[in-house]
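Here the sequence shown is numbered in the working numbering, starting from 109 and rising by one per residue. Backbone N, C-alpha and C fix where the C-beta goes; we use that ideal spot for every residue, glycine too. Input: a single structure, listed below in C-alpha cells.
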Amino acid sequence: NPTDVEMETLAQTWSEHCVHKTFKAKIKFGRTIIDNLLKSTIVKATTELNKPWCLSVFADNAGVIDFDGKNALCFKVETHNHPSAVEPYGGASTGLGGVVRDPLGTGLGAKPIASTDVFCFAPPDLPYEKLPPGVLHPRRIFKGVRAGVADYGNRLGIPTLNGAILFDERYVGNPLVFCGTVGLMPKEFSQRGQQKPGDLVVVVGGRTGRDGIHGVTFASEQLTGESVELSSSAVQIGNAIVEKKVIDVLLQARDRGLYSRITDCGGGGLSSAVGEMAAETGVRVFLDKVPLKYAGLTYSEIWVSESQERMLIAVPPGSIDELMRLLDSENVDAAVIGEFTNDRRLQLFYHGNLVGDIGMEFLHDGRPQLHLNAAWKRPEFPEPDFASPEDLGPDLLAILSSWNVCSKEWVIRQYDHEVQGGSVLKPLVGVNNDGPGDAAIIRPLLDSDKGVIIANGINPTYGEIDPYWMAASAIDESLRQIIAVGGNLKKVALLDNFCWGNTSRPEVLGALLGATQACYDMAKAYGTPFISGKDSLNNEFQHGDKTIIIPHTLLISALGVMEDVSKAVTMDFKQAGNLIYVVGDTFDELGGSEYFHKHGFTGNKVPRVDPRSAKATMDKLGQATDKGLVRACHDCSEGGLGVALAEMAFAGGLGASIDLKAVPLGEPISRDDFVLFSESNSRFLAEVAQEHQRAFESVMTGAVFAVIGKVTNTGMLEVHGLYGNRVVNNSVADLKEAWQKTLRW
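Shown next, in the form of C-alpha cells:
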C-alpha cells in the first residue's frame with residue numbers, strides 16, 4: 109500500500125511534463141511502429157552527425173557545446189504556458205527564473221550570459237465577446253508576461269537579446285511563453301558531476317512554501333474556464349534577488365570544488381531534483397530539515413512544492429563547513445537535508461518516521477510505456493480567388509502594421525540587453541537603433557573577439573497546412589538569421605520546443621510525427637545537431653462542449669559560434685548607389701502567409717525547403733560576408749521580399765528602387781503580388797557596393813542570385829512589377845510609421 113508521499117512522488121516523476129511520456133511512447137502510424145519518437149528522430153540526427161564539439165547532449169539540464177577550446181556554452185529553452193495563462197506576471201517571471209537555473213545546474217555550473225523569450229498570444233484587440241468565460245484578456249496576459257520576464261531578467265543582470273511575439277486567436281485560452289538562457293563555463297566543468305555514497309544532500313537558496321504545488325501535473329493537464337480560480341496556487345512566486353545571490357555564490361563554490369554535483373529544483377520540486385540526482389545511488393532525505401517560508405506544511409507539500417530559487421548540490425562531508433561559511437558570507441540560505449546512499453532506494457523521513465520508500469528502478473523505469481495511434485491527412489483549404497491589385501502599397505502597409513510583423517520595440521525597450529557589456533548586435537539595429545535585427549551577437553569574454561550568435565525560427569501558420577514543412581521552415585529561418593548577421597554553419601546547434609494539443613487524438617499526434625521527422629531530415633542535411641529540447645503537450649482550452657486547440661507550434665532556437673564579431677553585419681541599408689541582391693529562388697509559396705491571411709485565406713502551397721541547395725547557398729553567402737563584401741543582409745520571412753525591403757530601407761533611413769522582373773523564380777509566376785509577398789524559404793536580401801560586385805558574384809558562383817535594384821536617397825520604396833508597371837511607390841517614412849504604430853503602447 110503506497111503512502112501519500114509515495115503517490116505524490118510517482119505523480120510528479122511520471123507526469124508528462126517531467127518524463128515526456130508521449131515522445132517515449134510506442135506509436136502506431138499506419139503500418140509503421142515508432143518506438144520512442146525522440147530517440148528515433150531528434151536524438152538520432154545528433155548521434156549520426158557525431159559532432160566532436162557537442163560536449164553534452166540530452167543528458168543534462170541544458171545542451172553543451174565547445175566555445176573556444178577552453179570554455180563551453182550551454183543553452184536551454186523552457187515553456188511556462190499554463191502558469192502564464194492563470195497568473196501572467198508570476199508565470200512568466202518564474203518561467204525565466206526556472207530556465208536561468210538550468211545552465212547553473214548543467215555540468216558543474218555555468219554562468220548565465222544571455223536570455224531569450226518568445227511569446228504566442230491571442231490578438232490584443234480581441235473583442236470581449238470572443239473571450240471564453242474564465243479567461244484573462246490577451247492584452248492583460250501580454251502586459252503581465254512582458255512585465256514578468258523584464259522584471260526578473262533585468263534584476264538578475266542577464267541581457268535579454270533575442271525573441272519573437274506571435275498572435276493567433278487560438279492562443280486565447282492557452283498562451284505560450286518560451287524562455288531560454290545561454291550559459292558559459294570553463295570546459296573542465298562541462299560534464300555532469302557524480303556524487304558518492306556518503307555525500308550530503310544540500311538545498312541552497314529560496315525557502316519552501318506552498319506555491320507551485322502540483323505545478324507539473326497542472327502543466328500536463330487541459331485548461332478550463334475554472335483554471336484561473338482553481339489552479340493559481342500551482343503558480344510559483346519568484347524572487348530574482350535571491351536567485352542572483354544563489355548564482356553568484358554557487359559559481360564561487362564551483363571554482364573552489366566544494367560540491368560534486370548540482371541540479372536545479374524545477375518541475376516537481378525536491379521530488380524531481382533529488383529523485384533524478386540519486387537515481388544511480390540512492391538517498392535518505394529528512395524532510396523536517398528543509399527550510400520553510402512558514403510553518404504548517406505537510407511533509408508531502410514540502411516534498412513536491414515548486415518554490416523558486418532553489419538549487420540542490422551534493423557535498424562531500426569534508427567540504428560542508430567551508431561551503432556553509434561561504435553561503436553565510438553571501439547571506440544565502442542552505443541546509444543539509446539528507447545523504448546519498450548506495451542502496452538505490454529513495455527513503456523519506458519526517459521527524460524520525462519513515463514516510464516514503466521507493467526503489468529507484470521502479471521510480472524511473474517502472475512507468476508503463478504508452479501505446480498511441482497516429483494518423484494524418486493533409487487538409488485542403490480554398491485557394492485565393494482575388495486578382496492581383498494594381499497598387500500593392502496598401503497591402504504592404506497593412507502587412508507591416510499587422511500584429512505578427514509590426515515592430516515589437518515597446519517590448520524590447522523594457523529589457524536590458526546591454527548588461528554584462530558583451531552585446532555586439534542588439535535586438536534593434538539601424539541608424540536610429542529601431543530596425544528589426546535578424547539575430548543577436550554577444551561577446552561573452554571581453555578579451556576575445558569570438559562571439560555567440562543566438563537566433564530562432566517559428567511559424568505556426570504553416571503547420572495548419574503541413575507540420576513537416578512548418579518544422580523545416582522554422583529550422584531554415586533560424587539558420588538564415590545566423591547567416592544574415594555574418595555567421596556560418598560550421599558550429600551551430602539547435603534546440604526544439606514543441607507545443608502541441610492533446611496527442612491522444614490520432615490526428616494531433618500524426619502532425620507531431622511529421623514535425624519531428626522534419627527535424628531529423630533538416631538537422632542531418634544542414635549538419636546542425638540538436639543538443640536539447642522540451643515539449644509541452646495538452647495545450648488546449650475546454651469551454652463547454654467546445655475545445656480550443658492551439659496551432660501546432662514548434663520553436664527552433666539556434667546557437668552559433670562566430671570567430672570574429674568585428675565581421676558582424678546588420679540589416680539596414682548603408683549607402684545610396686549600392687546594389688541590392690536577392691539570393692535564393694522565389695516560388696509560388698504563399699500558403700499560410702501574411703498576405704493571404706490579410707485577404708482572409710490560408711492557401712495550400714506552404715513554403716518548402718531544399719536543405720542541400722539552401723546549405724550550399726548559405727555557405728557561399730557566409731563566405732562573402734566573411735570577406736567583407738556584404739554591407740547589409742536580411743533574411744526574407746513573414747511578408748516576403750516586400751516586408752524585408754521595407755525594413756532594410758526604413759532601418760537605414762534610405763530608399764530603394766526594385767524591379768520584380770529581375771527576381772529569380774523557381775517556377776513561372778505571373779502575379780506581382782505573389783512575387784512580392786511569397787514567403788519562400790532560404791532567401792536573403794544583400795546590399796553590395798558596386799566596387800565589390802564582381803568579387804561578390806565570384807564567391808556566389810553556383811548559387812541562385814540576381815541584382816534586383818539599388819539603394820537610393822529618395823526616401824521612397826519604388827517597386828516595378830513583372831510587366832514594367834509601378835506596383836509600390838511609398839515613402840519610407842510612411843512604411844516605418846505603419847510598422848511602428850501598432851504596438852506603440
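Assignment of isoleucine 583 by DSSP, reduced to helix, strand and coil, places it in the helix class. Boundaries of the alpha helix (DSSP H) harbouring lysine 352: 348-364, taken from the DSSP string. By the 16-neighbour rule on beta-carbons within 10 angstroms, tryptophan 577 is buried. DSSP places asparagine 837 within a strand segment (E or B) once states are collapsed to three. Between asparagine 564 and asparagine 270, the beta carbon gap of about 6 angstroms places them in contact (Cβ cut-off 8 angstroms). Going by DSSP, glutamate 702 is part of the alpha helix (DSSP H) stretching over 702-706.
A residue is called buried once 16 or more other Cβ atoms fall within 10 Å of its Cβ, and glutamine 416 is buried on that count.
Here valine 835 is not near leucine 825, since their CB atoms are 8 angstroms or more apart. With fewer than 16 other Cβ atoms inside 10 Å of its own Cβ, leucine 462 counts as exposed.
When secondary structure is reduced to three states using DSSP, aspartate 174 falls in the strand class. It is roughly 14 angstroms from the alpha-carbon of leucine 284 to the alpha-carbon of leucine 244. In this structure, alanine 740 places its C-beta atom within 8 angstroms of the C-beta atom of phenylalanine 681. The bridge partners DSSP lists for valine 537 are Gly543. Where isoleucine 150 is concerned, the enclosing alpha helix (DSSP H) starts and stops at 150-157. By the 16-neighbour rule on beta-carbons within 10 angstroms, histidine 828 is buried. Leaving aside the five residues that flank glutamate 430 on each side, the residues in its chain whose CB is nearer than 8 angstroms to its CB run, in chain order, Arg364, Leu366. Assigned with DSSP and collapsed to three states, proline 160 falls in coil, not helix or strand. In the DSSP assignment, valine 669 falls within the unbroken beta strand (DSSP E) covering 661-670. Nearest to valine 519 by C-alpha distance, out of Arg318, Thr268, Val172, is Thr268. Residue environment analysis places lysine 654 among the exposed positions, since fewer than 16 neighbouring C-beta atoms fall within 10 angstroms of its C-beta. Here glutamine 455 really is in contact with arginine 392; their C-beta atoms are around 5 angstroms apart, less than 8 angstroms.
Taking aspartate 372 as reference, the option from Phe606, Ile273, Asn169, Gln848 with the minimal CA-CA separation is Asn169. Fully contained in the segment 492-535 are the following beta strand (DSSP E) runs of length 3 or more, in chain order: 531-533. If you draw a straight line from the Cα of alanine 381 to the Cα of glycine 374, it comes to about 7 angstroms. Counting along the chain, the unbroken beta strand (DSSP E) around glutamate 447 starts and ends at 442-448. By the CB criterion at 8 angstroms, glycine 700 and glutamate 572 fall inside the cutoff. Ranked by Cα distance from cysteine 126, the first of Val208, Glu384, Arg362, Ser164 is Glu384. Taking 8 angstroms as the upper bound for CB-CB distance, threonine 661 and valine 783 are not in contact here, some 29 angstroms apart. Per DSSP, the beta bridge partners of cysteine 607 are Ser644, Thr661. Separation of tyrosine 703 and aspartate 276 (C-alpha to C-alpha, rounded to the nearest whole angstrom) is 15 angstroms. Here the segment 716-735 makes contact with the segment 801-811; the two share three or more CB pairs at distances below 8 angstroms.
In this structure, the straight-line span from the alpha carbon of valine 257 to that of tyrosine 197 is close to 8 angstroms. Contact between glycine 763 and glycine 832 does not hold, since their C-beta atoms are separated by about 20 angstroms, which reaches or exceeds 8 angstroms. Per DSSP, reduced to three states, the secondary structure at tyrosine 689 is strand. Taking C-beta separations shorter than 7 angstroms and ignoring five residues to either side along the sequence, the partners of lysine 219 in its chain run Gly291, Leu292, Met293, Leu359, following chain order. Taking each of Asp233, Ala797, Asn610 in turn and checking the Cα distance to phenylalanine 131, the smallest one comes out for Asn610.
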